[in-house]
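Single-structure report; data block below.
2 protein chains.
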Amino acid sequence: MTVYQATASAPVNIACIKYWGKRDTKLILPTNSSLSVTLDQDHLRSTTTSRADPSFQKDRLWLNGEEEEIKDGGRLATCIKEMKALRRELEDKDSSLPKISGYPVHICSRNNFPTAAGLASSASGFAALVASLAALYQLPTDASRLSLIARQGSGSACRSLFGGFVAWQMGEKPDGSDSYAVQVAPREHWPDIHALICVVSDDKKGTSSTSGMQRTVETSTLLQHRIKHVVPERMRAISEAILARDFDTFARITMQDSNQFHAVALDTDPPIFYMNDVSRAIIALIVEYNRVAVANGGKLKAAYTYDAGPNAVIYAPKENIKEIVELIVKYFPQADSFKDPFGLFSGKGVTGKVVDGFNEAVAKPFGVGAVKNLIHTRVGDGPRTLGAEETLLGENGLPKQT
Amino acid sequence: MTVYQATASAPVNIACIKYWGKRDTKLILPTNSSLSVTLDQDHLRSTTTSRADPSFQKDRLWLNGEEEEIKDGGRLATCIKEMKALRRELEDKDSSLPKISGYPVHICSRNNFPTAAGLASSASGFAALVASLAALYQLPTDASRLSLIARQGSGSACRSLFGGFVAWQMGEKPDGSDSYAVQVAPREHWPDIHALICVVSDDKKGTSSTSGMQRTVETSTLLQHRIKHVVPERMRAISEAILARDFDTFARITMQDSNQFHAVALDTDPPIFYMNDVSRAIIALIVEYNRVAVANGGKLKAAYTYDAGPNAVIYAPKENIKEIVELIVKYFPQADSFKDPFGLFSGKGVTGKVVDGFNEAVAKPFGVGAVKNLIHTRVGDGPRTLGAEETLLGENGLPKQT
Numbered sequence: 001m002t003v004y005q006a007t008a009s010a011p012v013n014i015a016c017i018k019y020w021g022k023r024d025t026k027l028i029l030p031t032n033s034s035l036s037v038t039l040d041q042d043h044l045r046s047t048t049t050s051r052a053d054p055s056f057q058k059d060r061l062w063l064n065g066e067e068e069e070i071k072d073g074g075r076l077a078t079c080i081k082e083m084k085a086l087r088r089e090l091e092d093k094d095s096s097l098p099k100i101s102g103y104p105v106h107i108c109s110r111n112n113f114p115t116a117a118g119l120a121s122s123a124s125g126f127a128a129l130v131a132s133l134a135a136l137y138q139l140p141t142d143a144s145r146l147s148l149i150a151r152q153g154s155g156s157a158c159r160s161l162f163g164g165f166v167a168w169q170m171g172e173k174p175d176g177s178d179s180y181a182v183q184v185a186p187r188e189h190w191p192d193i194h195a196l197i198c199v200v201s202d203d204k205k206g207t208s209s210t211s212g213m214q215r216t217v218e219t220s221t222l223l224q225h226r227i228k229h230v231v232p233e234r235m236r237a238i239s240e241a242i243l244a245r246d247f248d249t250f251a252r253i254t255m256q257d258s259n260q261f262h263a264v265a266l267d268t269d270p271p272i273f274y275m276n277d278v279s280r281a282i283i284a285l286i287v288e289y290n291r292v293a294v295a296n297g298g299k300l301k302a303a304y305t306y307d308a309g310p311n312a313v314i315y316a317p318k319e320n321i322k323e324i325v326e327l328i329v330k331y332f333p334q335a336d337s338f339k340d341p342f343g344l345f346s347g348k349g350v351t352g353k354v355v356d357g358f359n360e361a362v363a364k365p366f367g368v369g370a371v372k373n374l375i376h377t378r379v380g381d382g383p384r385t386l387g388a389e390e391t392l393l394g395e396n397g398l399p400k401q402t
Numbered sequence: 001m002t003v004y005q006a007t008a009s010a011p012v013n014i015a016c017i018k019y020w021g022k023r024d025t026k027l028i029l030p031t032n033s034s035l036s037v038t039l040d041q042d043h044l045r046s047t048t049t050s051r052a053d054p055s056f057q058k059d060r061l062w063l064n065g066e067e068e069e070i071k072d073g074g075r076l077a078t079c080i081k082e083m084k085a086l087r088r089e090l091e092d093k094d095s096s097l098p099k100i101s102g103y104p105v106h107i108c109s110r111n112n113f114p115t116a117a118g119l120a121s122s123a124s125g126f127a128a129l130v131a132s133l134a135a136l137y138q139l140p141t142d143a144s145r146l147s148l149i150a151r152q153g154s155g156s157a158c159r160s161l162f163g164g165f166v167a168w169q170m171g172e173k174p175d176g177s178d179s180y181a182v183q184v185a186p187r188e189h190w191p192d193i194h195a196l197i198c199v200v201s202d203d204k205k206g207t208s209s210t211s212g213m214q215r216t217v218e219t220s221t222l223l224q225h226r227i228k229h230v231v232p233e234r235m236r237a238i239s240e241a242i243l244a245r246d247f248d249t250f251a252r253i254t255m256q257d258s259n260q261f262h263a264v265a266l267d268t269d270p271p272i273f274y275m276n277d278v279s280r281a282i283i284a285l286i287v288e289y290n291r292v293a294v295a296n297g298g299k300l301k302a303a304y305t306y307d308a309g310p311n312a313v314i315y316a317p318k319e320n321i322k323e324i325v326e327l328i329v330k331y332f333p334q335a336d337s338f339k340d341p342f343g344l345f346s347g348k349g350v351t352g353k354v355v356d357g358f359n360e361a362v363a364k365p366f367g368v369g370a371v372k373n374l375i376h377t378r379v380g381d382g383p384r385t386l387g388a389e390e391t392l393l394g395e396n397g398l399p400k401q402t
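Residue numbers (full-length UniProt numbering), protein chains in the order written: chain V, 1 to 402; chain F, 1 to 402.
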């Protein structure tokens with residue numbers, strides 16, 4: 001008997017132009033376009049196995065070993081239903097295809113990064129879900145088409161269907177059919193973009209982005225100006241900067257847009273804060289690091305960006321990452337030694353130091369644990385279809401014990 | 001021999017609609033109108049003695065016991081020159097008046113609150129300077145006229161020329177002659193408005209408001225929208241709320257405008273942060289305190305506002321201040337016992353507690369010293385001319401030893 005099963009992995013993406021606000025909450029249609037860098041799956045990824053089997057009783061899903069309810073009309077159910085519909089279209093056109101679109105599916109998904117890392121896993125998770133179902137159903141590979149479906153799981157998931165530098169075009173149609181992701185440039189165009197993720201400890205539960213963004217839409221008197229007048233120009237300019245590999249412009253816009261996203265969150269009633277004193281201190285360090293570079297006749301060397309949480313993601317050309325790790329460790333001593341996936345330190349430890357001319361008074365040193373972890377990664381590729389040896393489901397169609 | 005000398009005191013004011021941005025940095029003309037509550041001089045004030053004497057060598061000024069240089073063309077020199085010019089007008093019209101406008105002046109000023117309190121003293125300081133010179137020169141009392149001069153010392157000083165609720169009308173003329181303060185309502189109109197100042201410890205030197213606001217003017221892509229479309233409507237609505245003694249509306253607009261001021265500061269490049277984790281926690285407490293009140297069918301009971309620093313000022317009707325002190329002390333234990341100028345606690349200590357139904361998880365408790373001090377005050381009157389017994393200058397025309 002044939003087993004209909006496929007496994008795929010999908011990457012995390014971190015936006016440079018931020019998505020904040022929906023014009024349609026059911027279809028997940030945004031109030032503005034956004035743009036992100038896809039991070040390397042070698043370091044951060046969601047992996048998902050999907051199997052269709054007529055013996056299954058119903059659609060089921062396990063995330064990190066725990067079964068999740070697939071609510072009728074919910075986001076998971078919507079994505080699965082849409083993927084089955086695409087399969088049915090194929091089956092209707094080609095009667096030689098096995099009729100698996102009618103079978104219940106079992107889906108098993110894992111993230112290789114701990115939830116405690118504070119990294120949004122819904123983008124990579126829904127992208128991996130869609131990618132694994134697309135492989136299972138042998139759908140023609142059109143990532144923009146698939147991104148329409150991933151978008152309905154989690155808005156920013158649509159951008160994880162591509163590697164490299166990815167725009168989510170907001171679209172205009174009420175049915176959302178023109179609100180999908182497109183690739184601005186593949187990773188190979190600008191592989192030199194690296195990222196250092198600073199995982200920041202937070203003792204306060206933040207506002208969820210789903211409820212937070214709608215409160216901003218309803219109450220901020222600045223958001224509409226951002227949407228109509230600021231974002232379109234930034235989308236144009238940062239796309240141009242990516243095509244020209246102009247890091248200086250890329251960095252300036254990335255930092256400005258992170259700040260503006262947090263500004264409209266703060267302009268919400270009641271206000272929403274995602275950054276804390278540690279986040280602010282990291283900004284001060286990067287601002288000073290860039291100031292020294294510019295004072296020495298150079299250009300910007302790093303860009304910070306913050307999503308809906310206190311973690312910093314620092315984008316920089318690879319050659320600057322070593323200095324940035326030294327800088328962060330100087331102010332935020334680490335409990336564990338730096339995992340050095342690119343061998344920047346040749347096996348030597350990080351001592352923690354600043355570049356010449358750096359004004360050390362821009363921030364005060366914090367204790368161990370304020371920044372819990374540093375993850376060095378880089379721009380990466382899009383979803384990957386994996387071999388059978390990577391399957392997360394056992395022969396019985398239930399999650400393998402790990 | 002006649003001694004020409006006068007002493008005046010002037011109050012602190014804390015804005016509800018924030019001043020942030022100049023259209024003329026020399027004349028100190030703002031990019032938007034603003035509105036503040038004048039606080040009671042019984043608790044917080046600057047006191048200034050001015051003496052004109054032909055034996056003095058030059059204009060001199062002492063602030064809190066230290067001599068300050070009066071730089072040619074600087075703000076102090078401008079204010080003194082303009083006040084002398086008003087006196088000269090009088091002398092020119094009435095030859096019986098002593099010709100003291102040509103005499104050098106000695107000016108001695110003190111604040112009754114420590115600089116360490118983190119309260120901006122430039123507003124009360126320049127208002128007291130102008131008020132004491134107006135008394136010395138026996139100028140006709142027209143506070144709006146004097147506010148034009150105080151404005152050139154420190155923008156927000158113009159609002160400290162009045163008691164009660166005060167608007168600084170931005171004006172339109174290039175010469176600034178229509179950019180002055182007017183009283184929206186005197187303290188007697190709404191004496192029930194009290195204020196609790198939470199003095200927050202900060203280990204980081206903030207950006208000065210003078211340089212910060214101009215960086216916002218130059219780099220924020222949201223500020224112009226605020227100036228043109230948000231502030232005019234808020235000025236209208238909050239003035240109406242004050243005239244109607246509508247605390248609910250007053251509170252909502254006050255909090256929204258504090259948030260928006262900090263939002264445009266954050267939208268600046270590089271971003272400006274004035275609030276820290278303690279400030280954020282106080283916001284969370286007031287938001288929750290108001291939520292409980294509204295959930296019980298009531299209206300907003302308190303409003304926070306933050307100037308260019310981490311200190312919170314909480315406005316509330318007097319009847320709520322006791323609950324608010326209990327709330328703040330619960331999360332921010334105090335080293336010193338609460339100075340209770342209005343006898344709210346009848347000599348009993350503050351124990352620190354929350355109102356029924358309050359979700360204590362909205363903030364974590366901090367250690368002693370995170371909020372260094374609590375100052376309870378209320379809406380107050382405008383500058384006062386004081387008696388000779390209050391003089392700060394000795395017979396020799398130099399500061400008295402204190």
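Glycine is no exception: its CB is placed at the ideal position from the N, C-alpha and C atoms.
Within 8 angstroms of the CB of Arg187 of chain F, no CB atom of chain V is found; the nearest one sits about 28 angstroms away. DSSP places His43 of chain V outside both helix and strand once states are collapsed to three, so it counts as coil. In the DSSP assignment, Thr78 of chain F falls within the alpha helix (DSSP H) that extends over 75-93. Residue range 105-111 is occupied by the beta strand (DSSP E) that includes His106 of chain V.
Against Gln256 of chain F, the close residues of chain V are Asp269, in the order they occur along the chain (beta-carbon pairs closer than 7 angstroms). About 5 angstroms separates the CB atoms of Pro365 of chain V and Tyr331 of chain V; that is less than 8 angstroms, so the two are in contact. Taking 8 angstroms as the CB threshold, Ile283 of chain V lines the interface with chain F.
Contacts with chain V (Cβ-Cβ distance below 7 angstroms) from the segment 210-236 of chain F involve Thr221, Leu222, His225, Arg226, Val230, listed in chain order. With a cutoff of 8 angstroms on beta-carbon distance, Phe126 of chain V and Leu119 of chain V are scored as not near each other. The bridge partners DSSP lists for Tyr4 of chain F are F:Ala52. Taken atom to atom, the span from the alpha-carbon of Leu29 of chain F to that of Ala157 of chain F is near 12 angstroms. Not a single C-beta of chain V is nearer than 8 angstroms to the C-beta of Gln169 of chain F. Scanning chain F for C-beta atoms nearer than 7 angstroms to the C-beta of Leu266 of chain V yields Asn259, His262, Ala263, Leu266, reported in chain order.
DSSP places Asp24 of chain V within a strand segment (E or B) once states are collapsed to three. The beta carbon of Leu133 of chain V lies closer than 6 angstroms to those of Ser50, Met83 in the same chain, with the five residues before and after it left out.
In the DSSP secondary-structure assignment, Tyr304 of chain F is bridged to F:Ile314. Scanning its chain for C-beta atoms nearer than 8 angstroms, with the 5 sequence neighbours on each side dropped, one finds around Lys322 of chain F the residues Leu344, Phe345, in chain order. For the options F:Asp307, F:Lys353, F:Tyr19, F:Ser201, the alpha carbon positioned closest to that of Gly369 of chain F is the one of F:Ser201. The continuous alpha helix (DSSP H) containing Thr254 of chain V extends over residues 247-266.
Of the residues F:Ile107, F:Glu67, F:Ile17, the one whose Cα lies closest to the Cα of Ile238 of chain F is F:Ile17.
DSSP places Ile14 of chain F within a strand segment (E or B) once states are collapsed to three. At the C-beta level, Val12 of chain V and Leu39 of chain V come within 8 angstroms of one another. Secondary structure at Thr207 of chain V: coil, using DSSP grouped into helix, strand and coil. As a beta-bridge residue in DSSP terms, Leu35 of chain F pairs with F:Ile17, F:Ala167. In the displayed model, Pro98 of chain F falls within coil according to three-state DSSP, outside both helix and strand.
With at least 16 other beta carbons inside 10 angstroms of its own, Pro271 of chain F counts as buried. Where Gln183 of chain V is concerned, the enclosing beta strand (DSSP E) starts and stops at 181-185.
In the DSSP assignment, Ile238 of chain F falls within the alpha helix (DSSP H) that extends over 231-243. Arg384 of chain V has its alpha-carbon roughly 20 angstroms from the corresponding atom of Pro399 of chain V.
Proximity of the segment 276-286 of chain V to the segment 268-285 of chain F meets the contact definition, three or more beta-carbon pairs being nearer than 8 angstroms. Contact annotation for Asp277 of chain V against chain F: Asn276, Asp277 [CB-CB distance below 8 angstroms, chain order].
The secondary-structure analysis by DSSP pairs Ser9 of chain F across a beta bridge with F:Thr47, F:Arg384.
Using a 10 angstroms sphere on the CB of His194 of chain F, the tally of other CB atoms reaches 16 or more, which defines it as buried.
Per DSSP, reduced to three states, the secondary structure at Ile70 of chain F is coil, with no helix or strand assignment.
Leaving aside the five residues that flank Gly297 of chain F on each side, none in its chain has a CB nearer than 6 angstroms to its CB. Within 8 angstroms of the CB of Phe247 of chain V, no CB atom of chain F is found; the nearest one sits about 16 angstroms away.
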